[in-house]
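Presented below is the structure to which this report refers.
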Amino acid sequence: MARLPYADLTHPDAQPLVDRIVAERGSVLHLYQMLLHSPAVAGGWLNYLTSIRQLSTLPGDLRELVIMRVAAINGAPYEADQHAPIALKEGVSQAQLDALDAWESSSLFSDREKAVLAYTDTMTRHVQVPEPVFQAARAAMGSDKLMVELTATVAAYNMVSRFLEALQVHSHDHR
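Under UniProt numbering, the residues of the sequence shown are numbered 1 to 175, in order.
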């Protein structure tokens with residue numbers, strides 16, 4: 001159960017954003033229902049995460065591998081529950097999702113995916129990234145734009161998991 005009650009979606013301050021979220025995402029997920037305690041924060045969050053998920057040129061399979069790995073490292077089941085179906089739609093295999101905890105020794109991941117996962121692990125666990133890990137990820141991305149998008153994706157989903165877990169937002173919560 002969440003540490004705070006979920007926001008009232010009928011509150012006049014929240015209504016314009018609720019309408020936008022429903023139009024863009026189909027429904028108001030638990031995450032946004034918690035964020036809507038502060039419509040200003042929820043609006044900024046929505047803009048940022050829409051840019052990361054829908055406007056970035058980072059390939060969808062890499063984006064979702066990153067998100068699933070961040071969720072696993074941070075112990076964020078809501079994030080994993082929301083993104084596993086998306087990862088499968090983006091071309092990540094169920095076998096890869098199942099092997100994500102042991103990606104370093106798995107033959108299911110390409111060299112590019114391993115460079116991205118090493119970068120994700122290092123950013124998530126240590127914040128500072130040693131030069132060899134950075135250079136491997138940069139080579140795997142092939143452009144500064146993709147490197148910035150990769151870095152922003154890892155950072156964004158660390159933000160998401162930390163928010164979710166601090167407030168104990170989970171998929172099975174009654175709203």
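For glycine and all other residues, C-beta sits at the position ideal for the given N, C-alpha and C. It should be emphasised that the depicted structure is a prediction, and the values quoted were computed from it without experimental measurement.
I'd like to know if residue i contacts chain D, where contact means its C-beta is closer than 8 Å to some C-beta of that chain.
i, result
"S161", "Among the chains in the structure shown there is no chain D, since it carries only a single protein chain."
On the DSSP letters alone, give me the boundaries of the alpha helix (DSSP H) that residue i sits inside.
i, result
"E104", "It is not in any alpha helix (DSSP H) - E104 carries neither H nor E in the DSSP assignment."
"L164", "144 to 166"
"M141", "131 to 141"
"M34", "30 to 35"
"Q15", "15 to 25"
Among the options, whose alpha-carbon lies nearest the alpha-carbon of residue i?
i, options, result
"E104", "L117, V92, D98", "L117"
"I73", "L100, W45, Q82, A95", "L100"
"L31", "A7, S93, V129, R20", "A7"
"H37", "P5, P16, L62", "P5"
"T151", "Q135, M34, L9, E24", "Q135"
"L167", "S107, Y78, E113", "Y78"
"N158", "V70, D81, T50, E113", "V70"
"Q94", "A115, L29, D61", "D61"
"L55", "L35, R25, E149", "E149"
"V160", "L146, M1, L35", "L35"
Work out the CA separation of residue j and residue i for me, nearest whole Å.
i, j, result
"V66", "L88", "13 Å"
"R53", "M68", "13 Å"
"H172", "V22", "20 Å"
"Y119", "P12", "42 Å"
"G91", "N47", "25 Å"
"F109", "Q96", "7 Å"
"R20", "P132", "42 Å"
"I86", "D98", "15 Å"
"G75", "E165", "8 Å"
"V51", "T57", "Note on residue identity: the sequence assigns Ser, not Val, to residue 51. Near 10 Å, if we compare the C-alpha coordinates of T57 and S51."
"A137", "T10", "45 Å"
"S107", "E113", "11 Å"
"Q33", "S27", "10 Å"
"V129", "A139", "15 Å"
Taking 7 Å as the cut-off, is the beta-carbon of residue i closer than that to any non-hydrogen atom of the ligand COA?
i, result
"A152", "With respect to the ligand COA, the structure shown offers nothing to examine, as it has no ligands at all."
Sufficient close CB pairs (3 or more, under 8 Å) joining the segment 36 to 46 to the segment 114 to 128:
no
Tell me the start and end of each unbroken alpha helix (DSSP H) in the UniProt domain "Carboxymuconolactone decarboxylase-like" (39 to 121) that is at least 4 residues and wholly inside, in chain order.
39 to 50, 60 to 74, 77 to 89, 94 to 99
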